[in-house]
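Novice:
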Amino acid sequence: MSRTRASAKKAGATFERAIADYLAARVDERIDRRVRNGVKDRGDISALRAPSGGRVVVECKDYGGRLLPAQWAGEAEIERGNDDALAGVVVAKRRGTRDPAQQWALMTLADLVAILTGERHPQ
3 MSRTRASAKK AGATFERAIA DYLAARVDER IDRRVRNGVK DRGDISALRA
53 PSGGRVVVEC KDYGGRLLPA QWAGEAEIER GNDDALAGVV VAKRRGTRDP
103 AQQWALMTLA DLVAILTGER HPQ
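Letter by letter, the sequence shown follows residues 3 to 125 in this note's numbering.
#1: Output the distance between the C-alpha atoms of residue 55 and residue 120, rounded to the nearest integer angstrom.
#2: Throw me the rounded Cβ distance for the residue 91 and residue 58 pair, which I believe falls under 8 Å.
#3: Tell me whether the beta-carbon of residue 46 lies closer than 8 Å to the beta-carbon of residue 31.
#4: Name the residue from 107, 36, 52, 53 whose alpha carbon lies nearest to the alpha carbon of residue 75.
#5: In the DSSP assignment, find the unbroken alpha helix (DSSP H) run with residue 75 in it and report its ends.
#6: Where do the N-terminal and C-terminal ends of the alpha helix (DSSP H) with residue 114 fall, by residue?
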């Protein structure tokens, strides 16, 4: 059976909820799914912060085809800019497991450095 737009949206919402709940239980209870906020998307998860306090944007992907890391990292970068956040991370569904802890976390090295140092360096 192929995915319809409705089934893809439902799968995406379920995946976002699982990731938000996992992060809230282990990082900060204020983390939650972000309410949609118009054309300036700011990611799927709210209230995630780096140790330095800078905001981290999370773009969740429960995809039906193949991994598209370059495209998704580009989306996360746009959302990071929209939110004036420190870094952007993509959390992508790992086929074969529903365990939130086993999903892929994808980011650029610049985003990893920003999270670790608390500073966004020019690229």
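We treat Cβ as the ideally placed atom computed from N, Cα and C, and that holds for glycine. From a predicted model like this one, the values you see are computed outputs, not experimental measurements.
Specialist: In terms of the structure at hand:
#1: 8 Å
#2: 6 Å
#3: no
#4: 107
#5: 71-85
#6: 111-119
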